[in-house]
Structures are given as C-alpha cells and as structure tokens.
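Here's the structure, in structure tokens; my notes come after.
Number of protein chains: 2
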Amino acid sequence: MPFHFIEEYQRGYGLNLQIEKILHVEQSKYQHIVVFSTMSHGVVLILDNCIMTTEKDEFYYHEVLAHTPMQAAREPRRVLIIGGGDGGTAREVLRYTGVEKVDMIEIDEKVIEVSKRFMPGLSCAFDDPRLNLMIGDGVKYIRDCKEKYDCVIVDSTDPIGPAIALFSEPFYSNCCRILVDEGAFSAQTESPLFQRDAMASIYRNLNRAFPRLDPYFSPVPSYGGLWSYALGTKGKNPTTIEGWEIDFDLKYYNESVHLGMFHVPNDMKEITGRD
Amino acid sequence: MPFHFIEEYQRGYGLNLQIEKILHVEQSKYQHIVVFSTMSHGVVLILDNCIMTTEKDEFYYHEVLAHTPMQAAREPRRVLIIGGGDGGTAREVLRYTGVEKVDMIEIDEKVIEVSKRFMPGLSCAFDDPRLNLMIGDGVKYIRDCKEKYDCVIVDSTDPIGPAIALFSEPFYSNCCRILVDEGAFSAQTESPLFQRDAMASIYRNLNRAFPRLDPYFSPVPSYGGLWSYALGTKGKNPTTIEGWEIDFDLKYYNESVHLGMFHVPNDMKEITGRD
Numbered sequence: 372m373p374f375h376f377i378e379e380y381q382r383g384y385g386l387n388l389q390i391e392k393i394l395h396v397e398q399s400k401y402q403h404i405v406v407f408s409t410m411s412h413g414v415v416l417i418l419d420n421c422i423m424t425t426e427k428d429e430f431y432y433h434e435v436l437a438h439t440p441m442q443a444a445r446e447p448r449r450v451l452i453i454g455g456g457d458g459g460t461a462r463e464v465l466r467y468t469g470v471e472k473v474d475m476i477e478i479d480e481k482v483i484e485v486s487k488r489f490m491p492g493l494s495c496a497f498d499d500p501r502l503n504l505m506i507g508d509g510v511k512y513i514r515d516c517k518e519k520y521d522c523v524i525v526d527s528t529d530p531i532g533p534a535i536a537l538f539s540e541p542f543y544s545n546c547c548r549i550l551v552d553e554g555a556f557s558a559q560t561e562s563p564l565f566q567r568d569a570m571a572s573i574y575r576n577l578n579r580a581f582p583r584l585d586p587y588f589s590p591v592p593s594y595g596g597l598w599s600y601a602l603g604t605k606g607k608n609p610t611t612i613e614g615w616e617i618d619f620d621l622k623y624y625n626e627s628v629h630l631g632m633f634h635v636p637n638d639m640k641e642i643t644g645r646d
Numbered sequence: 372m373p374f375h376f377i378e379e380y381q382r383g384y385g386l387n388l389q390i391e392k393i394l395h396v397e398q399s400k401y402q403h404i405v406v407f408s409t410m411s412h413g414v415v416l417i418l419d420n421c422i423m424t425t426e427k428d429e430f431y432y433h434e435v436l437a438h439t440p441m442q443a444a445r446e447p448r449r450v451l452i453i454g455g456g457d458g459g460t461a462r463e464v465l466r467y468t469g470v471e472k473v474d475m476i477e478i479d480e481k482v483i484e485v486s487k488r489f490m491p492g493l494s495c496a497f498d499d500p501r502l503n504l505m506i507g508d509g510v511k512y513i514r515d516c517k518e519k520y521d522c523v524i525v526d527s528t529d530p531i532g533p534a535i536a537l538f539s540e541p542f543y544s545n546c547c548r549i550l551v552d553e554g555a556f557s558a559q560t561e562s563p564l565f566q567r568d569a570m571a572s573i574y575r576n577l578n579r580a581f582p583r584l585d586p587y588f589s590p591v592p593s594y595g596g597l598w599s600y601a602l603g604t605k606g607k608n609p610t611t612i613e614g615w616e617i618d619f620d621l622k623y624y625n626e627s628v629h630l631g632m633f634h635v636p637n638d639m640k641e642i643t644g645r646d
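Line by line, the protein sequences are chains A and B.
The opening position of the first sequence corresponds to residue 372 in our numbering, with each subsequent residue numbered one higher.
The opening position of the second sequence corresponds to residue 372 in our numbering, with each subsequent residue numbered one higher.
Pasting the structure below:
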C-alpha cells in the first residue's frame, strides 16, 4: 500500500486516502489537476492539492448546493452556475424538467475535460441541450450581465488563487442584482471546522450583499465532516419551499433535510453574523 | 513528524492524527487504553484502537447525546448513564441545577482513572455530590433495576467486545421499562457513513423496544464526519422541548439545533426503518 493522499485540514490532522491508480496529472493554466482511483471513494479529483470531488460522496455536496436554492426559488426556469466544472451541480439542476436554460461559466476547461473523461457520473449532463456552457471568468460575466436569473449557484474552489474574487462583496452584490425578486442564490462557504477566519470574512461580504442571507450546514465526509453554504434571497424565508416538485430519486436531500439545515449551532453564530 | 495515529474507517480511508506525546498505555481488564497529546486536538483517548474522545471536539458528541433527551424529557430530575467513563456525558447532565441524582455505571474503572488524570475538562463533574458512580456491568444493572428514571443515556463504545450487549433488543427493552412515562432515552448508534450494516441491526432492535423511536444526526468531525443517535420515548414527540431551561453556555447544541437534528436524509431512511 505505497501511495497515499493526505489532505491536511490543519497542522497534524488530515484525511488519508489510499491511492489505487493515478489516472491523470496536469498543470492547467489555472491550477494543478490530479485524478486518481481509490478502493474507498471511486475516482477522486484533486485541484491544487485539495480534494474537490469523490465519486462516492459528491452527492452530499452537489445535492445540497443545488436543490436548496432550486426549492427556495419559485419554479426556477433560468439558472446560472458559476464554476462547477466537474458537472455535478449542472446535473442536479437539470433534473428538473421545468428548467428551460442553464448558463454555466467555468474558468478552467481542463476540469471539464477530465470530468468528462474520468467521472461520467458527474459529467453526464454536459450534453443536455438546455445547458449553455461557457469557458471564462465568472466575475466578469456576472459584472456585465444584463439578464435575470431565478437561481444563481456559485460552485467554487477555496478562496485562494483564481477563486478569490468569487468570495468578494462586489461579486456577491452582482449576484443579487441579477436575481429575480422571487429568486434564490447559493454558494459554498467553506468548512465551519477548519476555515472559520475565512468564513467570517465571507459572511461579512454576504450579509452586506443580500437583503436576506441564511447560512446552512450539511455533512460532506471527504471535506472533513461538516460543510457550510449560504442561501441569499431578496427577502424570502428559505424554509418556504416553492420550487418544482422533486419527482426524481436523490440520495441525501429531501424537504425534511432542507428544513433542518438552517438551524445555526452556537459555535457558528458569531462567524455567520447571527448574534 | 514520526508518530501518527490513523483511524481507518474503511479499507484505504482514514483519519490521520499526528501524535505529539504518548502519555499513557495500558491493557485494562476490558480494553486497550492509549492516551496521547496532539497539536490539533489536545489530549486524545483511544480505546481498542478507536478514537473515543478528543479534547477539541468532544463537545459535539457529549452535548448532543446528553441534552437531546434532557430537553425532550419533562424536567428530568433522575438520570441514568450507562458507560460514559470519560465523564463528558455526566458533565453535561449535571449542568442542570434541577437534576437531583445521576446514577452512572461504567464497566472499566481504568477509563475513569485516565480521564481524571489526563482530561480534566471531561472528568470535572466526577466530584459532584449528585453523582452516584458505580463500577459494573450496565446490562446486569438495568436488567435488575427496580427504579424509574426521567432520562436514560447510553454512552457506549462500538458494538464489539464488552459493549455488544448494549445494542441488543433485551437491553433496550429494559431501558424503556425503567423510563417514566414522560421520560426520554438516548444512545449513540454508530456512523451512518461507515457502519450502516451495524446501524440497520441496531435500529431493528431499537424500533422494537420503544413505542416511539426517533433517529437523529449530528456532526462529530473526529468520528469521520457525521454521527447517529436515537431518542426513545413512550410516545412523546421529540420536537416538543420540555426539559429544564438551558441557562449555561454550550458550544454547539441549542434549541434550534435540536429541532433540526430529527430530519432523516434519504440515504438513512431504510437503515433506520423510516420507510
């Protein structure tokens, strides 16, 4: 058992994944990309030395990131995805037959290529004719955007390197600007266990940008246990579910889970500005 | 950085903790006990090669195991704890000034000794005069028990070795028998990520033993992310909070968290018998 990948969450503490076979290694224009297979998690995608997606438990993340705003918004027909190059978020959004168009803008086409090649369970929706896939800078796209969306979903990497601007107040304000009044925005907002300083800064920006901002929490085992997300709206109560009916099978998310995610634990009140 | 402890959740997948100093190694009558210090998690207690408690994140587990039944029961004055040798569950229960007596029965006095010596933040309630600490077999105690309790809390190790009987239907039925009508029972019921077969068996037993049984889920990072618990009652709705008011500081648990924990994700419905 010679090859192991260790994601060190903090000094002296990390997750240990035994590698079965290294499938792909590449330095793209934006990040270092590695794909390997494992016995425990199927195929794993690593970006800049961080676990981005594993075939085994990606559904925890993608279902919660995508269906929460899709259910909070009123029958969302037009959706924008920023990032999400592995395809998992697009797959979830396109499960709804009522969705008419999904604009998706991903900065690194190499991530899309490796997902298509090695993770068909994630990239399966890239051929959907309702998906308009663009390669480019999401920050610029959203700054210049004249359209309106029912849902805007930010599926980004960590706030380092190319993704930093995807956590800024101007970016979040532009996301809010292009939302319809009954729409909903979601973004991943890092680990409440290991990135609390980053989270505090992210939530300062989010709380300024949205008339109503609700943090929510859900498990993602390969991200260290618990993960945080934000739901931004123009005043809608997130516990009011108004999206399309879920008439397809999901592994984790359901209406009951939705209602349970918005309860803020004591140790996360201050960093999300709930005090 | 030579010494590491790796808890392998499944083959090829585990948590990696760097050891600062090994503080104690002992084979007790019942289990192998190791205590070491870490940079990331303070002092860590290992029983039979499994992480039992870490100073850093024990509160996720103990608060949720103890306060959930304490809040579901009506003003609980008499509490029974089975296991819980590190003292964390007793500490939580004894925070309520309304609690009059806590009977605690732990099989391995060596666990209590190492907790007193190395983990004062956990063992701090052992000197409380309301605590009646007994060294013995919880299964026998509860089988022969003639008393009634407002709360019964099972804080056990995994269902291997000495703890197997703590997951059986006769044991759970006896726990139910000694509960008052308005009382509440809680038990840890293993990892919904890595011990699903064990969970399915545990929930078959629990569902038979209690008139009303509600699974609940909450994060414990050092247990692999997510952990499961069961609340057993004689028919009470667990979302009705009737316990003593919480007038002390907790790190994680609050009323809002309580209400959110009972939502059962899709991938946990079958194993907990909710279908």
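Virtual Cβ for every residue (Gly too), placed ideally from N, Cα, C.
Close Cβ partners of residue i (< 6 Å) along its chain, the five nearest in sequence each way excluded
{"i": "glycine 509/A", "result": "Ile453, Ile476"}
{"i": "proline 491/A", "result": "none"}
{"i": "cysteine 545/A", "result": "For the sequence presented, residue 545/A should be read as asparagine rather than cysteine. Around asparagine 545/A: Ile513, Arg514."}
{"i": "aspartate 474/A", "result": "Leu451, Asn503"}
{"i": "histidine 433/B", "result": "Gly459, Thr460, Glu463"}
{"i": "proline 582/B", "result": "Lys605, Gly606"}
{"i": "valine 551/A", "result": "Lys519, Asp521"}
{"i": "isoleucine 393/A", "result": "Phe407"}
Segment limits, beta strand (DSSP E) that includes residue i
{"i": "threonine 409/A", "result": "403–409"}
{"i": "lysine 392/A", "result": "384–398"}
{"i": "glutamate 446/B", "result": "Looking at the DSSP string, glutamate 446/B is not in any beta strand (DSSP E), and its letter there is neither H nor E."}
{"i": "lysine 472/A", "result": "472–477"}
{"i": "valine 679/A", "result": "What is shown of chain A runs 372 to 646, which leaves residue 679/A out entirely."}
{"i": "arginine 583/A", "result": "583–591"}
{"i": "leucine 502/A", "result": "502–506"}
{"i": "histidine 375/A", "result": "375–381"}
{"i": "threonine 424/B", "result": "421–425"}
Own chain residues within Cβ distance below 7 Å of residue i, not counting five before or after
{"i": "glutamate 540/A", "result": "Asn576, Arg579, Ala580"}
{"i": "glycine 456/A", "result": "Glu477, Asp479, Val482, Ile483, Ser486"}
{"i": "threonine 425/A", "result": "His412, Gly413, Val415, Ser593"}
{"i": "aspartate 498/A", "result": "none"}
{"i": "lysine 640/A", "result": "Asp646"}
{"i": "arginine 501/B", "result": "Leu465, Val470, Glu471, Lys472, Val473"}
{"i": "alanine 437/B", "result": "Thr460, Glu463, Val464, Ile524"}
Cross-strand partners of residue i (DSSP beta bridge)
{"i": "tryptophan 615/B", "result": "For tryptophan 615/B, which the question treats as bridged, DSSP gives no partner whatsoever."}
{"i": "proline 609/A", "result": "Paired residues: none, contrary to the question."}
{"i": "glycine 456/B", "result": "None, per the DSSP bridge assignment."}
{"i": "glycine 603/A", "result": "Phe556/A, Leu584/A"}
{"i": "tyrosine 520/B", "result": "Leu550/B"}
{"i": "aspartate 313/A", "result": "This structure gives no information on residue 313/A, because the portion of chain A shown stretches from 372 to 646."}
{"i": "glycine 596/A", "result": "Val591/A"}
Cβ-based neighbour list, residue i, same chain, cut-off 8 Å, excluding 5 preceding and 5 following
{"i": "threonine 528/B", "result": "Gln402, Leu418, Asp419, Cys421, Met423, Gly454, Ala534"}
{"i": "glycine 532/B", "result": "Tyr401, Gln402, Asp419"}
{"i": "tyrosine 574/A", "result": "Thr560, Leu584, Pro586, Ala601, Ile642, Thr643, Gly644"}
{"i": "threonine 611/A", "result": "Ala443"}
{"i": "glutamine 427/A", "result": "It should be noted that the sequence gives lysine, not glutamine, for residue 427/A. Closer than 8 Å at the Cβ level, and outside the excluded window around lysine 427/A, lie Ser411, His412, Gly413, Ser593."}
{"i": "leucine 597/B", "result": "Ser562, Pro563, Leu564, Phe588, Ser589, Pro590, Val591"}
{"i": "threonine 409/B", "result": "Leu388, Gln389, Ile390, Glu391, Val415, Thr425"}
Limits of the alpha helix (DSSP H) - the one that residue i falls within
{"i": "methionine 490/A", "result": "Element bounds for methionine 490/A: n/a, residue is neither H nor E."}
{"i": "valine 551/B", "result": "Run containing valine 551/B: none in the alpha helix (DSSP H); it sits in the beta strand (DSSP E), 550–559."}
{"i": "leucine 564/A", "result": "No alpha helix (DSSP H) holds leucine 564/A; DSSP gives it neither H nor E."}
{"i": "tyrosine 512/B", "result": "509–515"}
{"i": "valine 628/B", "result": "626–632"}
Chain-ordered neighbours of residue i on chain E, where CB pairs are closer than 7 Å
{"i": "methionine 570/B", "result": "Among the protein chains in the structure shown, which are A and B, there is no chain E."}
| query | Using a Cβ cut-off of 7 Å, which residues of the segment 379–400 of chain B contact any Cβ in chain A, in chain order? | reply | Gln381, Arg382, Gly383, Tyr384, Gly385, Leu386, Asn387, Leu388, Gln389
| query | Okay, do the segment 456–466 of chain A and the segment 378–396 of chain B touch, 3+ Cβ pairs below 8 Å being the bar? | reply | no
| request: Mind checking the segment 600–624 of chain A against chain B and listing, in chain order, the residues whose C-beta falls within less than 9 Å of any C-beta there? | output: Asp620, Leu621, Lys622, Tyr623, Tyr624
| query | Listed in chain order, which residues of the segment 427–438 of chain A have Cβ atoms closer than 7 Å to some Cβ of chain B? | reply | none
| query | In chain order, what residues of the segment 407–420 of chain A put their CB closer than 9 Å to some CB of chain B? | reply | Thr409, Met410, Ser411, His412
| request: Kindly confirm or deny that the segment 553–561 of chain B and the segment 598–617 of chain B touch, where touching means at least three C-beta pairs closer than 8 Å. | output: yes
| query | Using Cβ-Cβ distances below 7 Å, what residues of the segment 545–566 of chain B are close to chain A? | reply | Leu564
| request: Could you say if the segment 516–524 of chain B and the segment 434–444 of chain B meet the contact criterion of at least three C-beta pairs nearer than 8 Å? | output: yes
| Selection of the segment 577–595 of chain B by Cβ proximity to chain A, strictly under 7 Å | Pro590, Pro592, Gly595
| said: To be precise: take each residue of the segment 500–513 of chain B, compare its Cβ to all Cβ atoms of chain A, and keep it if any distance is under 9 Å. Which residues remain? | reply: none
| query | Just by C-beta distance, which residues in the segment 633–644 of chain A are closer than 7 Å to chain B? | reply | His634, Val635, Pro636, Asn637, Asp638
| task | Count the C-beta pairs between the segment 611–627 of chain A and the segment 606–619 of chain B that are closer than 8 Å, then say yes if the count reaches three, no if not. | result | no
| request: Mind checking the segment 445–456 of chain B against chain A and listing, in chain order, the residues whose C-beta falls within less than 9 Å of any C-beta there? | output: none
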